[in-house]
């Protein structure tokens, strides 16, 4: 497998090769899968035995109609069939939502599930991408997102809750308020594909609100939470008019016999299903603890069945991914081809403890080798490939997502000065970047005076004007796609590699000295007055202010490992060295854990199926 790893990823239209392709390259046995977000505890072994015993019948005969299968699912979830449409996976439903209900523009926070950016772009829609800031732990601020939607004039808004790949979560109240504020839009989609794994609150779904609103669709997945990605089935919930419009376009036999068999089996296995969700939540907590103990690795809070991690400085995601696969037979999701992410991030699916120990051991060897704490260096030429959907790569590379060839954009774009000549904040007239990718306002803590800022916080990110999208900057230029030249032009940002020169490798002592100088320089810039913000105080006022200030302190030496994102804080867990997450942070909580509810005796309803165990 080692010789063919790179070609496997280059040769796929998806983000990773299929398990079937990987098994063919390794004598029929695939790797341990930390890539595909699948429930490892469901179906139960007994259910798999039953499916195996009925295999001949399942693959020989036609399934029932989609209406029959949908009616059975609705009886389990206590939903009206007129408000539900089942599809051959949630991707089929996203496709029909785009074709039938998205007329001109769609807003989506990024990074996120790729089909929400790719599908509308492939059909010529404008995709307004709202960046989730790494400095804020990739958390979504609904108020800022609403302001972005209003400023862009977007007609369709999407929220993934929890979000993929970072696992960010919004409470039910926040989602309902978001829908209330945007009730004039053509459509609001709440993608709850991973909500079954969340435990931040007992009743997080908004399916009940969706059936009563004229412009809301809630999207749900069955393959992820049932552990059956190979059986393509999912469903949406909306008012009867919206659901019926989607349902009328679906083929009569769009659901296969495996999907029908599983749906009709579920009513006998509600307790086992709820127990499987409890086990995944438990494993998520333990996996976050183990990964947070790795030097320089940042783990972000998640409510999904996966964890979003940032690799140590110097580690490149495609190199880590390929070495884990070829040397340790472990498959991970490298996120360099996700818009709004970079190759420094991995999404790791939650798995049982025995598999996690193997993952941690493999990452230690790949990242640090024989010297724990020394990150793997980036490889040279030939490793910076992306594995995104080819059609979307072409669209973004050629048009930057808005319809104008990048060659024409580059001719009209002013050059940026070298990074090392910038004395402080970016000039006011710096380029504003890609339309549809407007950074969120800075957190309140960033606006505080230096002496009042929290002690542990992320280094201030570069001004939004100077940050290109990583995935866009890495994509190769190809011929223009038909039908996109009529869209509005947009300026193009220079790649980060052109704006910031690459420094040669340094020793640990040199790195520490440089980081100390950088921290001192940043503190001096933060204390400098902002031109044009306010008039300078009088000498008397300055003297009075100096007398009230505390005595200056020497700058502290920063740690070698990168600090976690804002809000991730200290931890009381042993062995985490104050870099990891507490149990409450991993679960997205700010309050004590609730008392477990009694063991369920049957299949739960759609609005109350999440936290009846654990």
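Residue numbers (the numbering used here): 120 to 733.
In this text, a Cβ means the ideal position worked out from N, Cα and C, and glycines have one as well.
A quick note: this is a predicted structure, and the numbers were derived from the prediction, not measured.
Inset, instruction - Determine the direct distance from the alpha carbon of residue 274 to that of residue 223, and round the result to whole angstroms. - result: 7 Å
Legend entry - Cut-off 7 Å between Cβ atoms - residues of its own chain near residue 191, not counting five sequence neighbours on either side: 382, 383
Inset, instruction - Leaving out five residues on either side along the sequence, give the residues of the same chain with a beta carbon under 6 Å from the beta carbon of residue 422. - result: 281, 286, 288, 317, 319, 707
Legend entry - Cβ neighbours of residue 349 in the same chain (closer than 7 Å, five flanking residues each side left out): none
Legend entry - Buried versus exposed, by CB contacts within 10 Å (16 or more), residue 302: exposed
Inset, instruction - Return the chain-ordered list of same chain residues with a C-beta closer than 6 Å to the C-beta of residue 201, the five sequence neighbours on each side being excluded. - result: 359
Inset, instruction - Could you give the DSSP three-state label for residue 201: helix, strand or coil? - result: helix
Legend entry - First and last residue of the uninterrupted beta strand (DSSP E) at residue 224: 224-229
Inset, instruction - Determine the DSSP secondary structure at residue 250, reduced to helix, strand or coil. - result: strand
Legend entry - Stretch pair the segment 401-410 + the segment 469-482: three plus CB contacts closer than 8 Å: yes
Inset, instruction - Please report how far the alpha carbon of residue 440 lies from the alpha carbon of residue 451, in whole angstroms. - result: 6 Å
Legend entry - the segment 364-378 touching the segment 204-216, judged by at least three CB pairs closer than 8 Å: yes
Inset, instruction - Return the chain-ordered list of same chain residues with a C-beta closer than 7 Å to the C-beta of residue 734, the five sequence neighbours on each side being excluded. - result: The question about residue 734 has no answer here: the residues shown for the chain are numbered 120 through 733.
Legend entry - beta strand (DSSP E) runs contained entirely in the segment 310-398, provided each spans 3 or more residues: 335-340, 353-357
Inset, instruction - Give me the Cα-Cα distance between residue 311 and residue 234, rounded to the nearest whole angstrom. - result: 14 Å
Legend entry - Candidates 483, 336, 152: closest to residue 216 by CA position: 336
Inset, instruction - Enumerate in chain order the residues of its own chain whose CB-to-CB distance from residue 623 is below 6 Å, with the five nearest sequence positions on each side excluded. - result: In this prediction, residue 623 scores a pLDDT of 47, lower than 50, which makes its location untrustworthy; the coordinate-derived value is nonetheless stated afterwards. Cβ within range, chain order: n/a, list empty.
Legend entry - beta strand (DSSP E) segments (min. 3 residues) lying fully within the segment 392-456: 425-429, 449-453
Legend entry - Distance, residue 427 Cα to residue 575 Cα: Reliability fails at residue 575, whose pLDDT of 42 lies under 50, so the model's placement of it is uncertain and no value is given.
Inset, instruction - Tell whether a beta-carbon distance below 8 Å holds between residue 419 and residue 257. - result: yes
Inset, instruction - Just the C-alpha distance for residue 425 and residue 343, rounded to the nearest angstrom, thanks. - result: 11 Å
Inset, instruction - Compute the distance between the beta-carbons of residue 437 and residue 459, then report whether it is under 8 Å. - result: no
Legend entry - Cα-Cα separation, residue 261 to residue 293: 7 Å
Legend entry - For residue 466: DSSP bridge partner residues: 427, 452
Legend entry - Residue from 327, 161, 226 with nearest C-alpha to residue 306: 226
Inset, instruction - Go through its chain and collect everything with a Cβ distance to residue 365's Cβ below 6 Å, but skip five positions before and after it. - result: 204, 215
Inset, instruction - Please state whether DSSP places residue 245 in a helix, a strand or coil. - result: strand
Legend entry - Close beta carbons around residue 447, own chain, < 6 Å, minus the five adjacent residues each side: 481
Legend entry - residue 220 to residue 152 span [Cα, whole Å]: 35 Å
Inset, instruction - Using 10 angstroms around the beta-carbon of residue 167, count the other beta-carbons present and answer buried if the total reaches 16, otherwise exposed. - result: exposed
Inset, instruction - Using alpha carbons as the reference points, say which of 410, 434, 391, 158 lies closest to residue 313. - result: 158
Inset, instruction - Please confirm whether residue 232 and residue 283 have their CB atoms less than 8 Å apart. - result: yes
Legend entry - For residue 153, the three-state DSSP class (helix, strand or coil): strand
Legend entry - Collapsed DSSP secondary structure at residue 523 in the structure displayed: Its pLDDT being 37, under 50, residue 523 is placed unreliably by the model, and nothing is read from it.
Legend entry - Beta-carbon proximity check, residue 70 vs residue 328, cutoff 8 Å: Limits of the chain in this structure are 120 at one end and 733 at the other, which puts residue 70 out of reach.
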